Amino acid sequence: MRNSMRLMLATCGTVALASAAPADTIRIGITQNNVGIDSYQTTYERAFIEAADANDDVEVIVLDAGGDVARQISQMQDLIQQDVDAIIIWPTDGQALVPAVRNAHREGIPVIVTNSNIAEAGMDFIAAFSGPNNIQQGIYSAEMMCEALDGEGQIVQITGMPGYTTAIERQQGFDDRLAELCPDVVQLDIQPGDWNRERAQRTMETFLTRFDDIDGVYSGDDNMGVGALNAAIDAGRAEGMVFIGATNFAVGYDAMERGEYWGSVYQSPVDDARAALQTALDVLAGEDVPKLNYFDTPKITQENMHEFDRPVF
Amino acid sequence: MLLTRLKAGGPAIAKQGILIAFIVFMIVFALMSDRFLTTANIMSVFRQATIIGVIALGVTIVVIGGNLDLSVGSMLSFATVLVVDLHDKIGPELAIPVMVAATLCLGAINGFLIGILRLNSLIVTLGMLSAIQGLVLIYSGGQNVDIADQSGTWFAIFGRGAIFGIATPIIIFLGLALIFHVIMTTMPFGRRVHAVGGNPTASVFSGIPRSRIVFMTYLISALCVAVAAIILGSRVMGSQNNVGQGYELQVLAAVILGGTSLLGGSGSILRTVLGVLMLAFIQNGLILMGQPYYTQWLVTWAVIIIAVWLDVAAKRGRLFSPIA
Chain A
47 MRNSMRLMLA TCGTVALASA APADTIRIGI TQNNVGIDSY QTTYERAFIE
97 AADANDDVEV IVLDAGGDVA RQISQMQDLI QQDVDAIIIW PTDGQALVPA
147 VRNAHREGIP VIVTNSNIAE AGMDFIAAFS GPNNIQQGIY SAEMMCEALD
197 GEGQIVQITG MPGYTTAIER QQGFDDRLAE LCPDVVQLDI QPGDWNRERA
247 QRTMETFLTR FDDIDGVYSG DDNMGVGALN AAIDAGRAEG MVFIGATNFA
297 VGYDAMERGE YWGSVYQSPV DDARAALQTA LDVLAGEDVP KLNYFDTPKI
347 TQENMHEFDR PVF
Chain B
1479 MLLTRLKAGG PAIAKQGILI AFIVFMIVFA LMSDRFLTTA NIMSVFRQAT
1529 IIGVIALGVT IVVIGGNLDL SVGSMLSFAT VLVVDLHDKI GPELAIPVMV
1579 AATLCLGAIN GFLIGILRLN SLIVTLGMLS AIQGLVLIYS GGQNVDIADQ
1629 SGTWFAIFGR GAIFGIATPI IIFLGLALIF HVIMTTMPFG RRVHAVGGNP
1679 TASVFSGIPR SRIVFMTYLI SALCVAVAAI ILGSRVMGSQ NNVGQGYELQ
1729 VLAAVILGGT SLLGGSGSIL RTVLGVLMLA FIQNGLILMG QPYYTQWLVT
1779 WAVIIIAVWL DVAAKRGRLF SPIA
């Protein structure tokens, strides 16, 4: 029975198998957003399984929704049926998953949301959120931009995919902090780069045509930031232009090493995964866990970059 | 009616609804932004349009042949990831032919299923869209790929280089467009594609090897994707797994804007080029005017609808018609 269950799980997602465990082990199910779609999520999954393997008291059931809301809802139901001790969810859609989370809550199974939060309406039904603070990341980027420009200049902003919580929160944190900290830094325009390097490159090329004087560029992540950098280098205008990003990618790290990229925000998928598991364990241990648990995502600049490992993605 | 008179005055002009719309848009944007009609901007937009453009050439031929190809988006992801990844492993001189061969294989699968087995092209290529994306993820393990030595490789010529002051991707795009235009308008293959798309049954009775023709159109489509991947990989010097996501719809929009009939049998390579450029200039013009992105989405949609309507109206000779 147990084997056929595993077989069934294997068909609908990735499954990590802990060895058959005694009854007092903690069983935690996780349903992820879309493993394999980017290296962040791939690394996250690997780190999560490693962290769980390292703990003998924990057995994990690892599922992946493949970006599909309907599949994630049925995975939630499966995990409830299996009566796991806790469910960790990386929501494919913060709004649509609220009823599924409420069901788990009604069955008495604590739900921990990881990486990107559930909609406001679902906050009452979750035990805790664990993940990066994207508003804080935007604030960090604004502070770096201010410092790099000495509080004065003209900048453009390239945001992530319109409508994505991460994109919205980073922009919000950046815009608010920038206006507050250095009002003399003017944002000429804000356009999306859709998390896509080529798209960001196109957007930046148009900015370069439109504005004769650009002192700095803030991008919602380094992947897009490097696209903007490519465009500026191509136009022969990268010299003296300040590039600030977020979610430090390997390409951003390398560009920083070459002195072409000023700074970013370091967000490790390994820390993200470990924090999620730890939060779940804390909740199960009956500790008084705050609703919002942010793991540290520090500033990384040309100066302090060697304190950090080169990102794996 | 203006259009009726237009048609009476010169059927040749009336047929060029898209060209007229294109010129009107260029004039409007030029009045709104003094940066718009500069050589630098026009060259920049041309270069940006080449990736979508090259793919649209192949898809135009598929559509004229009476089919659809929605798999080009993830095929582009596949080809770009492959050529960028292999660049550092076996060098660009080997990476390019290996990638082209692999991409042609995917095109051959499409061609076999649709041409030989006669399956519905919408279903087959929609399935291929996700199947190929899965293939990319298996190949790359979710990792982004990058070219380490970006300034030293000759691979840079395709996306970043220039010949006689004109960017290489523009030359590739216009060169391919010209070749395909000649093939489609003057050579037997072009006439056969039109015949197969226009009336498949009649074409078979006329002795046209329909299966082979359809198969060929998908090979051409895959070849165009491979060329676009070379431009994209060289321009960005790296690739995400899902870099081509959503490109299939932009490509299809450009093809439709160019007046190619989704029912097959009629269409033009050169007007697809116009469609591609028009979409690219609209996006560029609206950013130059400082419009937010959702305006771009709305305007792009409106332009497609109006252009298609004008096109149909020009063919019918009137704006409103109770019969098609």
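Note that the protein sequences, when read in sequence, are chains A and B. Going by this note's numbering, the letters in the first sequence line up with residues 47 to 359, in that order. Going by this note's numbering, the letters in the second sequence line up with residues 1479 to 1802, in that order. The C-beta atom is built at its ideal place from N, Cα and C for all residues, glycine as well. None of the values given here were measured: they were computed from a predicted structure.
Under a three-way DSSP split, which group does residue i fall into?
i                  : result
PHE359 of chain A  : coil
THR133 of chain A  : Residue identity check: residue 133 of chain A is Ile in the sequence provided, not Thr. Correct three-state label for ILE133 of chain A: strand.
TYR1771 of chain B : helix
GLY199 of chain A  : strand
GLY262 of chain A  : strand
LEU1515 of chain B : coil
ALA284 of chain A  : coil
ILE1641 of chain B : strand
GLY1569 of chain B : coil
ALA67 of chain A   : Its pLDDT being 45, under 50, ALA67 of chain A is placed unreliably by the model, and the measurement read from it follows with that caveat. In the structure shown, ALA67 of chain A sits in coil (DSSP, three-state: anything other than H, G, I, E or B).
SER1536 of chain B : According to the sequence shown, residue 1536 of chain B is Gly rather than Ser. Three-state DSSP puts GLY1536 of chain B in a helix.
GLN1718 of chain B : coil
ASP1624 of chain B : strand
PHE354 of chain A  : coil
THR1664 of chain B : helix
PRO156 of chain A  : coil
PRO238 of chain A  : strand
ILE181 of chain A  : helix
THR205 of chain A  : strand
ILE290 of chain A  : strand
GLN1526 of chain B : helix
ILE1657 of chain B : helix
ILE1686 of chain B : coil
Would you say residue i faces chain A, with C-beta separation under 9 angstroms as the test?
i                  : result
ASN1598 of chain B : no
SER1552 of chain B : no
MET1577 of chain B : no
ALA1732 of chain B : no
LEU1710 of chain B : yes
ARG1638 of chain B : yes
THR1664 of chain B : no
THR1646 of chain B : no
Bridge partners of residue i, per DSSP?
i                 : result
THR77 of chain A  : A:LEU109 and A:ILE135
LYS345 of chain A : A:VAL311
THR249 of chain A : DSSP lists no partner for THR249 of chain A.
GLN127 of chain A : Beta-bridge pairing links GLN127 of chain A to no other residue.
ASN43 of chain A  : Residue 43 of chain A lies beyond the range of chain A shown here (47 to 359); nothing can be said about it.
Cβ-heavy atom distance between residue i and the ligand SAH below 8 angstroms?
i                  : result
ILE1661 of chain B : Although the ligand SAH was asked about, the structure shown includes no ligands whatsoever.
Would residue i count as contacting chain B if we go by Cβ distances under 9 angstroms?
i                 : result
VAL358 of chain A : yes
ASN269 of chain A : yes
GLU353 of chain A : no
ASP84 of chain A  : yes
ALA296 of chain A : yes
PRO336 of chain A : no
GLN233 of chain A : no
ASP103 of chain A : no
ALA67 of chain A  : Bear in mind that a pLDDT of 45 at ALA67 of chain A, under 50, signals an unreliable position, so the number given afterwards is only what the model happens to contain. No, its Cβ sits nowhere closer than 9 angstroms to a Cβ of chain B.
GLU244 of chain A : yes
PHE87 of chain A  : Looking at the sequence shown, residue 87 of chain A is not Phe but Gln. It does; some Cβ of chain B falls within 9 angstroms.
THR293 of chain A : no
VAL272 of chain A : yes
ARG256 of chain A : yes
ARG238 of chain A : The sequence shown places Pro at residue 238 of chain A, not Arg. Yes, its Cβ sits closer than 9 angstroms to a Cβ of chain B.
*Below 7 angstroms between beta carbons is the criterion; list the residues of the segment 1614 to 1631 of chain B that meet it against any residue of chain A, in chain order.*
LEU1615, GLY1619, GLY1620, GLN1621, ASN1622 and ASP1624
*Three or more C-beta pairs closer than 8 angstroms, one from the segment 1703 to 1713 of chain B and one from the segment 1540 to 1557 of chain B: is that the case here?*
yes
*Which residues, taken in chain order from the segment 1714 to 1730 of chain B, show a beta carbon closer than 9 angstroms to some beta carbon of chain A?*
VAL1714, MET1715, GLY1716, SER1717, GLN1718, ASN1719, ASN1720, VAL1721, GLN1723 and GLY1724
*Which residues, taken in chain order from the segment 209 to 221 of chain A, show a beta carbon closer than 9 angstroms to some beta carbon of chain B?*
none
*Which residues, taken in chain order from the segment 1518 to 1531 of chain B, show a beta carbon closer than 7 angstroms to some beta carbon of chain A?*
ALA1518, ASN1519, SER1522 and GLN1526
*chain B contacts made by the segment 135 to 164 of chain A, where a contact means CB separation under 9 angstroms*: none
*Would you be able to state if there are at least three C-beta pairs under 8 angstroms between the segment 113 to 120 of chain A and the segment 1643 to 1658 of chain B?*
no
*Identify each residue in the segment 1757 to 1779 of chain B for which the Cβ-Cβ distance to at least one residue of chain A is less than 7 angstroms, and report them in chain order.*
ASN1762, ILE1765, LEU1766, GLY1768 and TYR1771
*Decide yes or no for the touch test of the segment 1780 to 1790 of chain B against the segment 1498 to 1512 of chain B: beta carbon pairs closer than 8 angstroms, at least 3 of them.*
yes
*Looking at chain A, which residues of the segment 1492 to 1513 of chain B have a Cβ within less than 8 angstroms of any of its Cβ atoms?*
SER1511 and ARG1513
*Touching or not, the segment 341 to 357 of chain A and the segment 292 to 311 of chain A, by the rule of three or more beta carbon pairs under 8 angstroms?*
yes
*Are the segment 256 to 266 of chain A and the segment 277 to 293 of chain A in contact at 8 angstroms, needing three or more beta carbon pairs?*
yes
*Below 8 angstroms between beta carbons is the criterion; list the residues of the segment 275 to 287 of chain A that meet it against any residue of chain B, in chain order.*
ASN276 and ASP280
*At least three beta-carbon pairs within less than 8 angstroms, the segment 1710 to 1717 of chain B to the segment 1665 to 1672 of chain B*: no
*Check whether the segment 185 to 192 of chain A touches the segment 155 to 165 of chain A, counting contact only when three or more Cβ pairs, one atom from each stretch, lie closer than 8 angstroms.*
no
*asked:* Within 8 angstroms, do at least three Cβ pairs link the segment 1623 to 1633 of chain B to the segment 1729 to 1746 of chain B?
replied: no
*asked:* Assess contact between the segment 236 to 246 of chain A and the segment 180 to 189 of chain A, defined as three or more Cβ pairs (one per stretch) separated by less than 8 angstroms. Is contact present?
replied: no
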